[in-house]
Every structure is written in C-alpha cells, then in structure tokens.
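**Student:** Have a look at this one.
Number of protein chains: 4
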Amino acid sequence: MSAPRVGIVGCGLIGQKRAAALGGARLVACADVDEGRARALAARAPGCRAGADWRAVATAPDVDLVVAATPHDLLPAVALAAVEAGKHVLVEKPAARVAAELEPVAEAAARRGVRVRVGFNHRYHRAFRRLRALLDEGVAGPLLFLRARYGHGGRVGYEQEWRADARISGGGELIDQGVHLIDLSRWLLGDLPHVQGLARTFFWDMQVDDNAFLTLRTAAGQVAFLHASATEWKNTFSLELYGRDAKLQVDGLGGSYGTERLTLYKMLPEMGPPETTAWEFPMADDSWAAEMAEFLEDVRLGRPPSAGLADAIAALRVVEEVYRQSGPLRPGRR
Amino acid sequence: MSAPRVGIVGCGLIGQKRAAALGGARLVACADVDEGRARALAARAPGCRAGADWRAVATAPDVDLVVAATPHDLLPAVALAAVEAGKHVLVEKPAARVAAELEPVAEAAARRGVRVRVGFNHRYHRAFRRLRALLDEGVAGPLLFLRARYGHGGRVGYEQEWRADARISGGGELIDQGVHLIDLSRWLLGDLPHVQGLARTFFWDMQVDDNAFLTLRTAAGQVAFLHASATEWKNTFSLELYGRDAKLQVDGLGGSYGTERLTLYKMLPEMGPPETTAWEFPMADDSWAAEMAEFLEDVRLGRPPSAGLADAIAALRVVEEVYRQSGPLRPGRR
Amino acid sequence: MSAPRVGIVGCGLIGQKRAAALGGARLVACADVDEGRARALAARAPGCRAGADWRAVATAPDVDLVVAATPHDLLPAVALAAVEAGKHVLVEKPAARVAAELEPVAEAAARRGVRVRVGFNHRYHRAFRRLRALLDEGVAGPLLFLRARYGHGGRVGYEQEWRADARISGGGELIDQGVHLIDLSRWLLGDLPHVQGLARTFFWDMQVDDNAFLTLRTAAGQVAFLHASATEWKNTFSLELYGRDAKLQVDGLGGSYGTERLTLYKMLPEMGPPETTAWEFPMADDSWAAEMAEFLEDVRLGRPPSAGLADAIAALRVVEEVYRQSGPLRPGRR
Amino acid sequence: MSAPRVGIVGCGLIGQKRAAALGGARLVACADVDEGRARALAARAPGCRAGADWRAVATAPDVDLVVAATPHDLLPAVALAAVEAGKHVLVEKPAARVAAELEPVAEAAARRGVRVRVGFNHRYHRAFRRLRALLDEGVAGPLLFLRARYGHGGRVGYEQEWRADARISGGGELIDQGVHLIDLSRWLLGDLPHVQGLARTFFWDMQVDDNAFLTLRTAAGQVAFLHASATEWKNTFSLELYGRDAKLQVDGLGGSYGTERLTLYKMLPEMGPPETTAWEFPMADDSWAAEMAEFLEDVRLGRPPSAGLADAIAALRVVEEVYRQSGPLRPGRR
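Chains as they are written, first to last, in the working numbering: chain H, 1 to 334; chain Y, 1001 to 1334; chain E, 2001 to 2334; chain Z, 3001 to 3334.
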C-alpha cells in the first residue's frame, strides 16, 4: 500500500502538531478559516495545497484520511462530511460539544465502513504506555480507584479565547482538560456510569467553568476522583492509580508540565514503605506520532481504534451530566 | 498562678505524646485500662500516680486539666465527667463517634464555665502555622478552593485494630484521618454546609470504610475536595489551597509522611510560571507542644479554644452525612 | 544622556542573546564573519546596519559600546580595537585564550579611561543575586568553602565545533564552563592563589579537555572544590557554599539545566537538621539584561565593572596553571 | 555445620548493629570497656556472656568469629589476637589508624589460614548492590570517572568525642567517612595509585580534620573526585559514576541521609536528555545483614572476603598520603 494521503482541517497549534507527526502518511491538503495559517502549514510539506474551505479538504478525492483539528463546534461536521466521503478520520478530543452531535458520525462510520479515531493522545504518552505495560504484566493486581489532578495556570486574555465561548467550546475546563481525565479513567477502569460532579467558575470572567470536581464510579464500584482546573497557577498533571498490590503514578506531561515520570510503588508482604521504581521521560513528547502510527495500523488492519467515537460519546455524557448537576457555575450566586 | 495539674486518661501512643508535650503544665495522674501502660507513663513524671480507673483521674480534686486520649467511644464520657467536675479538657479528635454525643459535653462546659479544646493538632504543625501567617498577610487574596490528600499505607493486622470496630471507632478512615482534612478545610475556608461524599471499603476485610472521597462547599461556594485513604500504599499528606493571587501547598507531616514543607506559588501579573518559595521543616514535630501551650493560654485568659467542641460537632456532622449518603461500603455489592 | 549606541561583534547565539537584552541601549551596528547572520540580527533593530568587517563596527564613530561575542581567539583583538577607539566594551567570558592576551587591553582601557566588563553572566542569575543579598545580610557567617559541579551532556558532533579546536578556544571544558565556576568562586571567596587541578579528555575525540577537577584555595585557606564536565550526560549546575552558620545552594540555571533554585540551610543552635528555605525561579533567565543594565550604570557613573578585566585575567591564570599541571590530557597515555 | 559462634568486641552503636544482623550466626560472648554496655547487649542473646576483657572474647575457645567494633586504636590489636587464636574476624573500617598496623594482622591471617573481612558496609547497601548488578550487565560501558560527596552536619559536642582525638582515631573526617568513599572508589574503579588531597579543619575546635578534598586516579587515568565533610550542615551522601554510555548515581543512605536511591541516566544515540530510571529503597538498611551473610559464605567456602585487609591497607595508604600532603590542618595558619 502506498502512503496514506492526509488532509488536515484546522491549522492551529494542534493541526501543526499533527502535521509534524504523520509518520508513514503524507500531507496533501490543509484548510483553515485563516488561510494564511493553512498556507504556512502547507509550505512544510512538498506538494501540499492550502485553502479556506474545510469541506473541500474533508471530501477531496485524493485524501484518504482526514484530521479534524478545529474548535469544538466544527469537529463533528468535519468528521461527518469526511466519513460520508469515505475517509478515515482522526478527530481531536472532545470530538464535539455534546454526545448527541457524534451519533450521526458513528452511524455514518458504521455504514461507510471507515475508521474514526478520537485524539485522546494522553493514552499515548510514554509514561502511560509504560503504565499500561506494567498493568498488563499484572504488577498492580485488581484496580481499586484512581485520583487525578490536571490543570494550568491560565494566561492573560484566557477569558477572551474561543474556549471561553460556550457556543463554540461546549464548556470550559471540564470539556477541555477534564475530558482527558475522564477518558484516561475509562481506559484504566472501564465505564463510569455513576457520576457526581461539580463545575464552577471561580476566577475567570467568562461564561464557562474554570474548575470541575468529579467523583465517578464503575459498575464494580471502583472510583475515579478527578479535578481539572484552569486556576491551578502552576501547570500540573498527576494521575495516581491504586491496585491491591501496588500504586502507579504518572506526573508531568513534559514541557511546562514538568518532566514526565512514572512511579511504581510495589507493596511488600510486610507492608510499610513500598519498593519504589521511577522512570523519567525527559525526551520530546512523541504521543502524537505514536497515536497516528497506531491509527494507520487500525486502518490497515480494519480494526476499531482504541479511542473511538464510543469513547468520546461516553466521556461527553459524563461531561453533560456534571454540567446538569452543577447548576449555575458562579459560586455563591445561586 | 502555679503550674496547671494535668490528668491523662488513655496512655497509648497519643497519651504518651501528650505527656511529653505538656510545657508549663505538670502531670499528676494517669489512667489506662491497661494499668501497666499507665504505670509506665507515670514513671516518667515525678510524683505522678497511675491507675485503671479513668473516672478517678477525670474527677480528681488535684487535677485542673484532663487530657482524654482514649479510643473514640470513651472520649465523650471522659470529657463529660471531667467537665462536670469543673476541669478544663483537651479531648482528642474526633472527640466522639457522632456529633450528638458531644452536645451534653458542650452544654455542661457552658454551664460550668470550663474550656474544652479538641485535639485537631494538624492546625499546629509548623507548615500550617506559617501558612496561616502568610494568609493573614494577605499573600493569597480571596480563597477559591482547596484540595487535599491524606492517607497511609496500612499495616499488617490493621483490620484487627479497634479502629476497624465501628462500635468503638464510629467509622473508618473518614473519621480517623479524614476528620483532620474536614477540620483543616473548615479552619481555612469556614463552615461547609454542602456535603457530597462517598465512603468505601476497597481492601481491608473490615466493617468500616478504608477510603472517603468528599466534595464540600461553603455557603459562598468555595470547594474542599478531599480524599482520605487507608490504602494509600505510601504515607502521604498534601493540602493545596488556591487563592486569587497565589497557591499555598503543604506536603508531609514529618516522619514517615516525609519532611514537612510549605510552598508558596505567587502569581505574577504576566501569569506564566509563578514565583515559588518553599520552607522545609525537618525538625521534630512540635504541634503537640504548640497546641497545649495555646490551650494553657486559653485557660489562663478564659477565651474559647480555637478548635473547640463546636468544631468537632461540625466535622462529625460532615462525617455522618457522608456515611448516610454512601450506603453500603463494599463496592459492587449494593 | 541619550541611549548608548551599541555595536555587536559576533552574531551567534550569544550575540543574539545580547541583542535581545540591551535594555536602555540601542543596537546600531553588528558584524559577523557569516554576513547573513549579521543581517538577520540587524533586521531585528530598526536602523541597525550589518556587515562582515568586525573592525568597522568596533571602531565606528556612532558606536559608544561594543559587545564582543566571537570565538575566544578574536575576543581580545576586538576588545583592544574598541578600547583604542574609545569605546566601552562588554567582552564575553573567558575574554581571551590566555591571560597575557588581556594585558594590552587592560593597559589601553586604563589609558583611554573606558570601561571593560567581562560577561561572567552567572553572577547575575536570579538565584545568585538572591544568594548575594543573603550573604550581605550575614545569614551564613564567615565562609568556609564551596563545592560546585557544572556540566553538559554533550551533543552529537561536539568534537567538530570550534570549541574543540585549541587554537581558537584556548582549551576545552575548563575554559568554557569551568571558567564560570572559577569566577563564581573568586566572586564569593576572593582570590585563589593556591591551585591544584587536573584536566582530562575522557570521551570526546578532540585535542582539548572534556573534564577538569580543581581544588583552589584563598590565602585565608578557604577551598573551592570544582568540577566542570562535558561528559555529565545530564545538564547539571550546582554550587554549594558553606559558612559557619549556614549552607547556601544554587541548583539549575533554567532551561535544560532545570529550574533555578536557591536553598538556604540555616543551622540551629541545637544542630541536627537545619531550617530550610528554598526559592525557585521558573521565570525566563534575565541575567543578560541585569548584567547589561549594571554595565550601563558602570559607564554612566564611571565606576569599574564588578566583573572586569582583572577578574578575567585571574580566572585565566587559574586555567593556565591547571593545564600546566595536567600534562597530557589523555588518561592512561602518559 | 552448626551455626558459627560469634564474639563481639566493642558494644557501642556499631557493635549493637552487628549483634542485630548476625543472620545464621550466634552471639556467645561480648566485651566492652563499659561492662554495663556489654551486659545490655548480651541480654539480647540467650546464653551470651559479657565482660570487660576484650582479649577473653577474642581468644575464647567457643568463639569461631570475632567482630571488632572498637574505636580505631584498638581494632588491629583485637583483630591480631583473634587471628592468632585461629578466629575469623570482621573488623570495622578503617580497621586501624595507619596501614602499618594491619601488616602483622595480614601476615598472621595468611599464616593461620583464617578470613578477615573489613566492614566497608556501604558496598552492601541496596543501591550499591543494584548498581553493581547494572554494571555487570554492561549498562554503563567503560567507566570514566566518579564524583562523591559524603558528610554530616555535626552534633553538639562533636569535638569532644573520641573521633576528635587523633591518638585514638588516627584522623578526622577523612579516616571516618572519607575512607568509605575511598573504598567505594577502589571497588568501582580499581586501585588509585595517584593521590592529590587536602585535609582541613574549618569549623570544629579539634586537632583532626573536618573536611577532606581528594582527587585520586587509577593507573588507567580514571578519576575519583571526593569530598568528605563534617561541616556539611545537612547529612548528605551522593556518588555519581560516569561511564561511556551512562551515568549511575546513588543518593542517600536511608535515615537522616534521606531515602536511598539509585538513578540510571542512559545516553541515547542522539544524545540530549538521557532516559532515566530510578529505584528507591525506603526499606530499612540491610547492609549489615547482607555483609555478614556474605562473610559467613566466605568462611564456609574458604574464599577471600571481597573487602579484606588488602583493601583497608590500600585505603589507609591514601589517607596517610593525603595527611602528608596537607600539612597543618588549620587554614590560614600555616
């Protein structure tokens, strides 16, 4: 098979990351509402064309695989158009503003027999790949619960970005960073039908939440205790997973989130301080490349992507339920 | 005034810590169901007598101040007897198994005009004293929320200890370590009338909870997001407090919980990485001595102790509400 | 006074950093053997001209202050020409390959009444500015000794760079990173007339040293125990300064050297674990700007720069003595 | 074979540690100038006798193996008497005040065919056992050099202890903690015939050194750059070993020296930040037990102990040479 031909819709930061991590695939077309941005991206790939019309890219005859990297509101439309045109699609998380927007995409993908992957790239960070390998070796025993903290310190003007506009984003911190925590929890523990959550806007002068506190449960009773924050003041990522026999902890995501590190705390029969092993990954983040490589294999083998539309739909249902439970976002004003 | 004369009821680990941290007070009597333990403690203080009869100590004419350091079930009875005999009382947290047990104590203390302090000693750890001073200087601005994790790795036979017997302890991890987190949250944010919580037993073969996940709120909407765990595998204490202008973090409690450290993350006007200052306290824990010194001042000045019966009652009401919401503790068996 | 007009000779990495940190001064001319590099730098400053002729910049009538940021062999010639033309000069460390090359520059600077600063910028890192302030407050008491480690992990092709050519560089790791350690030691402890040292080439296939181990002493007997390494495998900077009453430690220099941090270990009267305070500086390195701001003040006030030619001469004499003592650089081949 | 019967001479801190870590051997006799201390130790082992006469224990017919744990001045005499009586001997480091005191012991041991081990227990710390295993797997490639720092923060009255009396101790910090660094360097790199060193007394009012700075070399040119300090202010142990392909670092020794940790920095072909793996050993120090278990095997198999008299002699020769080079120990008074 010759190299799959990729079209990218949305040439911002994430679209650029995707273009730089295509591995065996080849970029042939890209589109952005800011056509200059599309041209700048196209200039990096010989023979790649650029334009402002996303639909032209999503349905182009010479495109095999579409990457949808737009703001949230456009993601399902791009994915649907591409799927209907018979393309495989990598749609960035959260894939839509609400789960219902993804149902037609899922229906069309099944009908057209194409693969749709959702860009929950955190699953592909080196620390999480190693964590998964350790779990598969059985090092932790049955899993009990997990705890995670994810947040950023904000940036001047944050409340003016499109992420702060609920019509475009579908929500705030919960649907942005929080959805990664929900996906990782589902990936590690399984489905989370029991949802308790609270979204709030503490700091930023915007209509969406800047903090979300979640207590989720599997049918078997395992708990995911999650906090996502846009007022973390110092960029932070930490996920702690507890099994009967060990604790596994991931800290950092590289860059301003600190060196990525996986720590294994292995209980001893006599209990007391656990035997501790840590792996650090100071190298550049290769999650985007690893995820795309796996998607190309999904396509080649005709297998369902490990983070697919069903995962995005499930994560968005948690998000929606938390927003429903939360009521007005401003503390003290209800 | 001559040195206050102290009687200690309960000569286990905590009673011994109290005896070693009496400061300007003098130990004159102690009692324990295990009379040998009482004698061993008495041997350390010249002229101190020992016995098995707690009531004799709690009501002795030559005792001014009673320390109640028994298992939970006996705490309110010891406190009540001492108060009725006109003694000041330091009763260890949680002070009772349920809030209702403390109401007669509070009533009697008001009637007899004596002081009752509850031993929420974490408020007196060096890191928290410094944190409080920084808050009082206004370094953090208005407080938004806090997040805390407290847990131990368990020890062989844990499920056989009195803490695992709900009739004695009133509950598990939530009422043991969790109640410290609730008290610290109240001390920092104020009353927490809104309670969402989940207590569960994941690991230990016992009738009480080994994990509790809490989302508490003040009337003004500030959130305390708390997790206490008896399956933490590695002893951990961490409290992160977020204000509009800064984050303050306390890690460790000394000993097996790691060196106590306070970190201030001060936001810069341009945001981005905060200016960071950390204070470490590798010295021995002096919280017990600092707490007692303040109690002696409370007594001398006739002022209400800063952690008093009302604080214990409020914390226990949170505990009870969480148990009520949680239903059966075993995951997957409901 | 209007803004001083600056000419930069050498437009590589360091010249570019200098151009970005001129503060109240104005870049009017720059030169580089690679004229394209000069033009790229000039393009950032309105009205700045570019060329390949360093002498034209160093002596230009409209230049008040020259920055010499070339490879080592050219530094003294640029400085001398500029000084003779009546310019003030900031010459990058080590300022020359050997001390003797700086004597004519010092003589000319005295004669022409101009200021020459040597770019030992580490003195201006935030952590060292704070350390100096703490020393000035007397926190450490009389100083006893210091210990420092500085090194990088190398990069592919390192042995092909100009730094590996002794005719251009005057030496290897010792004259590159080691000279910073020598300067910091002199800045903190004073002159270091007693020199014991060993330079060696362990790894890189080049004619200059990749490691240097130094034991230096002041006349009063204080010791500087220093190691500089181009085979550190992980970028590292650490300086530990011991006084009678406290230890002060600087770790990291930002970027790949890790977050810059200053730690104060203050001895307690009872000894045992010291009271520990740490300051972290995750913000961007502003040492270049702080150093230039101070130089502009030196010029304005006619005062001698705190790191001047005498400091570079003294540091180079240590370097030369270590090379003299070391003999052949290859271990096991002598 | 029945359990070897052990006699301990010197019942201070180290003698007690040895008694608690005898493994398959059995304590039958112990002696101390402070007979009460001997009795206290004997009370822990059924049937063990105690006395003040070391010679009676060292030569007792029912003793197979003698542990010599006295101050330095007595170590060679105890060892010699025991060896002449046909006993195997574990003599604590440094085994004597000067190398010459060990020559008769070595001669007698050869003549009597008994095993003498020297208690360089650091080789048996978990981190060093793991480090050795990694080296044996070839992870580091040929070794280039090492750097180590070892020191304590002192304690009130330190200058009054026997360690501060050169007639008893043979020297100060160099012969106390420094000798461990010398032994570890020899164990890792081999013999160190080239010695440069400086011993000094900076702080303590005593006749022995409180700091020693060493630059040692193997015949092949590998360097050991070592600093031992009794004015470290915070207890510290760190050894960094550099190979062509990796760096291995050991930090901490447990207890007040911090959790013991081994870190492997593995160079990547592209260089840049190395792949990093760390192992922590928060469990109790078992070096004493591991060392004794190996000695019992040495005895059983008739093989030479891995740290034997030749190692102590070589380490003491380094110590002596450093003292010779150092001249008067007081800085600034020569």
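Where a beta carbon is used, it is the ideal one built from N, C-alpha and C, also for glycine.
Note that the coordinates shown come from a computational prediction; the quantities given were computed from them, not determined experimentally.
Under three-state DSSP, which class holds Arg1334 of chain Y?
**Tutor:** With a pLDDT of 36 at Arg1334 of chain Y, under the threshold of 50, the modelled position of that residue is not reliable, and the figure given next carries that caveat. The answer is coil: DSSP assigns Arg1334 of chain Y none of H, G, I, E or B.
**Student:** Out of curiosity, what's the CA-to-CA distance linking Asp3191 of chain Z and Leu3144 of chain Z?
**Tutor:** Each residue's Cα considered, the two are about 14 angstroms apart.
**Student:** Flag Arg2317 of chain E as yes when its Cβ comes closer than 7 angstroms to any non-hydrogen atom of the ligand SAM, and as no otherwise.
**Tutor:** For the ligand SAM, the structure offers nothing, since it holds no ligand at all.
**Student:** Can you tell me where the beta strand (DSSP E) with Trp3279 of chain Z in it begins and where it stops?
**Tutor:** Unbroken beta strand (DSSP E) run through Trp3279 of chain Z: Glu3275 to Phe3281.
**Student:** Going residue by residue through the stretch 2038-2069 of chain E, where are the continuous beta strand (DSSP E) segments of at least 3 residues, counting only ones entirely within it?
**Tutor:** 2049-2051 and 2065-2068, all fully within the stretch 2038-2069 of chain E.
**Student:** Give a yes or no on whether the minimum CB-CB distance between Ala25 of chain H and chain Z is below 8 angstroms.
**Tutor:** Not one chain Z Cβ lies under 8 angstroms of Ala25 of chain H.
**Student:** Hey, would you say His2125 of chain E sits closer than 8 angstroms to Ser2326 of chain E, going by beta carbons?
**Tutor:** No; because the gap between Cβ atoms is not below 8 angstroms, this pair is not in contact.
**Student:** Determine the chain Y residues that contact Pro46 of chain H at a beta-carbon separation under 7 angstroms, and present them in chain order.
**Tutor:** What Pro46 of chain H touches in chain Y: nothing, since even the nearest Cβ is about 37 angstroms away.
**Student:** Specify the secondary structure class of Asn3211 of chain Z as computed by DSSP and reduced to three states.
**Tutor:** Strand.
**Student:** Starting from Phe1145 of chain Y, trace the beta strand (DSSP E) both ways and give me its first and last residue.
**Tutor:** Run containing Phe1145 of chain Y: Leu1143 to Gly1151, per the beta strand (DSSP E) assignment.
**Student:** Would you say Thr276 of chain H reaches chain Z, if we count a Cβ-Cβ gap shorter than 8 angstroms as a contact?
**Tutor:** Taking Cβ atoms only, chain Z reaches closer than 8 angstroms to Thr276 of chain H, which makes this a yes.
**Student:** Tyr3265 of chain Z bridges to which residues according to DSSP?
**Tutor:** Its beta-bridge partners are Z:Lys3247 and Z:Thr3276.
**Student:** If you drop the 5 nearest sequence neighbours on each side, which residues of the same chain put their C-beta closer than 6 angstroms to that of Ala2148 of chain E?
**Tutor:** Excluding positions up to five away in sequence, the list reads Leu2181, Leu2226 and Leu2239.
**Student:** Assuming Val3009 of chain Z and Leu3027 of chain Z make a contact with CB atoms under 8 angstroms, what is their CB distance in whole Å?
**Tutor:** Not confirmed; about 12 angstroms, so no contact.
**Student:** Beta-carbon within less than 7 angstroms of Ala3166 of chain Z's beta-carbon, same chain only, minus the 5 sequence neighbours each way: which residues are those?
**Tutor:** The answer, listed in chain order, is Gln3207 and Val3208.
**Student:** Is the beta carbon of Arg3115 of chain Z less than 8 angstroms from the beta carbon of His3152 of chain Z?
**Tutor:** For Arg3115 of chain Z and His3152 of chain Z, no; Cβs fall outside 8 angstroms.
**Student:** Does the beta carbon of Trp1279 of chain Y come closer than 8 angstroms to any beta carbon on chain H?
**Tutor:** Cβ-Cβ to chain H under 8 angstroms: no for Trp1279 of chain Y.
**Student:** So, do the stretch 1046-1054 of chain Y and the stretch 1309-1323 of chain Y have three or more beta carbon pairs nearer to each other than 8 angstroms?
**Tutor:** Flag = no, the stretch 1046-1054 of chain Y and the stretch 1309-1323 of chain Y do not touch.
**Student:** Please confirm whether Pro1273 of chain Y has its beta-carbon closer than 8 angstroms to some beta-carbon of chain E.
**Tutor:** Yes, Pro1273 of chain Y lies at the interface with chain E (some Cβ there is under 8 angstroms from its Cβ).
**Student:** Could you tell me which chain E residues have their CB closer than 7 angstroms to the CB of Glu3270 of chain Z, listed as they occur along the chain?
**Tutor:** Within chain E, the residues near Glu3270 of chain Z are Val2156.
**Student:** Look at Val1989 of chain E and Gly2119 of chain E and say whether their C-beta atoms are less than 8 angstroms apart.
**Tutor:** A question about residue 1989 of chain E goes unanswered here, because the residues of chain E that appear run from 2001 up to 2334.
**Student:** Taking the C-alpha atoms as reference points, what is the distance between Arg1261 of chain Y and Ala1289 of chain Y?
**Tutor:** Answer to the nearest angstrom: the Cα atoms are 19 angstroms apart.
**Student:** Using a Cβ-Cβ distance cut-off of 8 angstroms, determine whether Phe203 of chain H contacts chain Y.
**Tutor:** Taking Cβ atoms only, chain Y reaches closer than 8 angstroms to Phe203 of chain H, which makes this a yes.
**Student:** Give a yes or no on whether the minimum CB-CB distance between Met1267 of chain Y and chain E is below 8 angstroms.
**Tutor:** False, the Cβ-Cβ gap to chain E never drops below 8 angstroms.
**Student:** Considering Ile175 of chain H, what are the terminal residues of the beta strand (DSSP E) in which it resides?
**Tutor:** First-last for Ile175 of chain H: undefined, no H or E at that position.
**Student:** Can you name the start and end residues of the alpha helix (DSSP H) that Val1318 of chain Y belongs to?
**Tutor:** First-last of the alpha helix (DSSP H) with Val1318 of chain Y: Leu1309 to Ser1326.
**Student:** DSSP three-state label for Gly3119 of chain Z, please.
**Tutor:** If DSSP states are grouped into helix, strand and coil, Gly3119 of chain Z belongs with the strands.
**Student:** So, for Arg2186 of chain E: in the same chain, excluding its five sequence neighbours on each side, which residues have a beta-carbon less than 8 angstroms away from its beta-carbon?
**Tutor:** Same-chain partners within the cutoff: Leu2192, Asp2311, Ala2314 and Ala2315.
**Student:** Three Cβ pairs or more, each shorter than 8 angstroms: is that satisfied between the stretch 1028-1040 of chain Y and the stretch 1125-1135 of chain Y?
**Tutor:** No, the stretch 1028-1040 of chain Y is not in contact with the stretch 1125-1135 of chain Y.
**Student:** Beta-carbon of Val3139 of chain Z versus every beta-carbon of chain E: anything under 8 angstroms?
**Tutor:** No, because no Cβ of chain E sits closer than 8 angstroms to the Cβ of Val3139 of chain Z.
**Student:** Is the number of C-beta pairs between the stretch 2054-2062 of chain E and the stretch 2097-2110 of chain E that are closer than 8 angstroms three or more?
**Tutor:** No: the two stretches stay apart, fewer than three of their Cβ pairs being nearer than 8 angstroms.
**Student:** Go ahead and label Ala219 of chain H buried or exposed: buried means 16 or more other beta carbons lie within 10 angstroms of its beta carbon, across all protein chains shown.
**Tutor:** By the neighbour-count rule (16 or more Cβ atoms within 10 Å), Ala219 of chain H is not buried but exposed.
**Student:** Taking CB distances under 8 angstroms as the criterion, tell me whether Ala1016 of chain Y reaches chain H.
**Tutor:** According to the sequence as given, residue 1016 of chain Y is Gln; it is not Ala. No, Gln1016 of chain Y lies away from the interface with chain H (no Cβ there is under 8 angstroms from its Cβ).
**Student:** Roughly how many angstroms lie between the CA atoms of Gln3222 of chain Z and Gly3243 of chain Z, to the nearest whole one?
**Tutor:** If I take the Cα positions, the gap works out to 10 angstroms.
**Student:** Determine the closest residue to Phe2202 of chain E out of Z:Leu3296, Z:Arg3217 and Z:Ala3019, with distance taken between C-alpha atoms.
**Tutor:** Nearest option by C-alpha distance: Z:Arg3217.
**Student:** On the three-state DSSP scale, how would you describe Ala2219 of chain E?
**Tutor:** If DSSP states are grouped into helix, strand and coil, Ala2219 of chain E belongs with coil.
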